[in-house]
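The structure under discussion appears below in the form of structure tokens.
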Amino acid sequence: MSPLARLGLHARRGFGRLTPEPFTISVFLTALVLVVAVAFGERPAGAPLWHALASWHASAGLWRLLAFAMQASLMLVLGAALASAPPVRRAILSLTRLARTSRQLTLLTALVSITLAILNWSLGLVGGALFARAAGASAKARGLRLHYPLLCAAGYSGLMVWHGGLSGSAPLKATTTRDMVEVLGPELAARVGTIPLDESLLGALNLTVTGGLLVLGPLLFWALTPRDGEDPEARPIADALADEVGREAPVEAPPADAIERLERSPVVTWLLALPLAAALALYVHERGLARIDLDTVNLTLWLAALLLHGRPHRFLAACEEGVRGCAGILLLFPLYAGVLGLLEGSGLSTRLAAAFADASSGLFTTLAFLSAGLLNLFVPSGGGQWAIQGPILLEAGLSRGIAPADAMMAMAYGDQWTNMLQPFWAAPLLAVTRVRARDIVGYCVLWMAVGGAWMIGCLLLLT
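Mapping the sequence shown onto my numbering, position 63 (from 1) lands on 63, and the numbers just tick up by one.
Below you can see the structure in the form of structure tokens.
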């Protein structure tokens, strides 16, 4: 067994024993931030000690991400429905067969996840999870001794690359004056101006960082995979899940009456598919592919799943299967929204970001990266983090002669970096693949270490 594969085995064992489930982590994180906010946070004069509770349970706290939770739940359900459509299932399984060995299969899974995440973060998350599940079933069918959680970690790897991709929240919001004024305020926005994509996503810094991660990620997961038969603790995908991936649709009994014939009629499918397709075409025509958002991704998934299942009752049955995995999203999103409300309402988020802004020019972008990584553990939202850190970092960067695009991208890289430790974003993948957080976190930490070193090196040399 190679040294890196042995390191992966030790990381798997160590972190597997020490990592609780995401819900437990989120509860302890909520308690910690609540205590700190009460003890050290800002509150209006004369306000009671428990004023922080108002920030936690108010509409800007626990309930602020309800729309986002619905978007994420739909993304999971519709993505699972799409993957279960017979043409897609056959295509994914055929793609997994391009890899002949365990190491090639892990490399291919990471490559798919990272490539999709560069195109759109939600495609990377759901697509990576679905491909990892199919790869696990393919490995089992071919008798490859491959640790299934390693495939799942590879399927999650794209979430450490997404903010430098085409759906990056901060770069996209920095392209218009209106969005810059909304985040920075009119005075600072006038000094900074807009940041065009050819300076951010298409700039030399980001092309180097993101291109390097696209190469490093698959190679790392290839190296972490023991050769066939070398892993003494290889755990394949569960039989039930493998059967679910490869199962063909059962033969249906003929409809019993006119209502059942209607419910199975493709006419119902087309009555919804046509307006969905028209809405999608109109959106792309008006805004272009570069401004695709989560609603557009969900609309695309809905349209594709509906058409590929063909019949409405088959589509509904596939969605019902996907709904089972939504519990983690529905419970975790409000808790993290409450943490965000506590941090903002108590002023702790601003103080945390400002603490890293007082740095020399040579280390400014590196410390911006590290502060963003730390803040992401508490505020797992690229857009939310840009709103909190953007004004502070750009103001401090201007005074040190740092290009606004460099300061912004340093924050974006830090935001994506600690996604490998953030159970908030892992919830959809865990639901699709049916593994536990403790099963994948060891591999994610190794990817985080390698990717973090690459990003810091690029920031030191290129900014």
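Every residue, glycine too, gets a C-beta built ideally from N, C-alpha and C.
All values reported here derive from a predicted model rather than from experimental measurement.
Whether residue i touches residue j by CB criterion (8 Å)
i: Ser467; j: Gly341; result: Because the chain in this structure spans residues 1 to 463, residue 467 falls outside the shown range and cannot be described.
i: Pro236; j: Ala139; result: yes
i: Leu377; j: Gln422; result: yes
i: Pro391; j: Trp425; result: no
i: Leu430; j: Ala437; result: yes
i: Thr350; j: Ile402; result: no
i: Leu201; j: Pro171; result: yes
i: Val323; j: Val77; result: yes
i: Thr106; j: Ala154; result: yes
i: Glu344; j: His313; result: no
i: Asp228; j: Arg145; result: yes
i: Leu276; j: Trp302; result: yes
i: Ala529; j: Ile195; result: Shown here, the chain extends from 1 to 463; a query on residue 529 therefore has no answer.
i: Leu184; j: Val450; result: no
i: Thr433; j: Ala137; result: no
i: Ala135; j: Leu123; result: no
i: Leu375; j: Gln385; result: yes
i: Leu93; j: Ala99; result: no
i: Met420; j: Met448; result: yes
i: Thr347; j: Gly61; result: Looking at the sequence shown, residue 347 is not Thr but Gly. Contact flag unset, no.
i: Ala52; j: Ala37; result: yes
Bounding residues of the alpha helix (DSSP H) (the contiguous stretch that carries residue i)
i: Ser55; result: Ala52 to His57
i: Ser346; result: Neither: Ser346 is in no alpha helix (DSSP H) and is coded neither H nor E.
i: Glu410; result: One detail in the question is off: residue 410 reads as Ala in this sequence, not Glu. Run containing Ala410: Pro404 to Trp417, per the alpha helix (DSSP H) assignment.
i: Asp228; result: Here Asp228 belongs to no alpha helix (DSSP H), and DSSP marks it neither H nor E.
i: Arg287; result: Pro266 to Arg287
i: Pro171; result: Ser169 to Lys173
i: Arg178; result: Thr177 to Leu184
i: Pro48; result: Unbroken run through Pro48: none, as it is neither H nor E.
i: Leu262; result: Ala258 to Glu263
i: Leu430; result: Pro423 to Thr433
Collapsed DSSP secondary structure at residue i in the structure displayed
i: Arg64; result: coil
i: Val161; result: coil
i: Ser84; result: helix
i: Glu42; result: coil
i: Ala372; result: helix
i: Thr463; result: coil
i: Ile388; result: helix
i: Ile440; result: helix
i: Pro236; result: coil
i: Thr194; result: coil
i: Leu202; result: coil
i: Arg90; result: helix
i: Ala189; result: helix
i: Glu21; result: coil
i: Gly212; result: helix
i: Leu98; result: coil
i: Ala380; result: The question names Ala, but residue 380 is Pro in the sequence shown. Coil at Pro380, not helix or strand.
i: Arg497; result: An answer regarding residue 497 cannot be provided, because it is not within the stretch 1 to 463 covered by the chain.
i: Leu301; result: helix
i: Arg400; result: coil
i: Leu166; result: coil
Integer-rounded CB distance, given that residue j should sit under 8 Å from residue i
i: Val209; j: Gly164; result: 6 Å
i: Ala72; j: Phe333; result: 7 Å
i: Ala281; j: Leu306; result: Contact doesn't hold; Cβ gap of about 16 Å is too wide.
i: Ala117; j: Val181; result: 29 Å between Cβ atoms; not a contact.
i: Leu299; j: Ala317; result: So it is not a contact: roughly 21 Å between Cβ atoms.
i: Met70; j: Val126; result: 15 Å between Cβ atoms; not a contact.
i: Leu462; j: Ala204; result: 7 Å
i: Ala407; j: Ala368; result: 6 Å
i: Pro404; j: Val268; result: Their Cβ separation, rounded to whole angstroms, is 51 Å, which puts Pro404 and Val268 out of contact at 8 Å.
Contact with chain B by residue i, beta-carbon distance below 8 Å
i: Ala31; result: Of the chains in the structure shown, none is chain B; there is only one protein chain.
Complete runs of the alpha helix (DSSP H) confined to the region 111 to 159 [at least 4 residues]: 121 to 141 and 148 to 156
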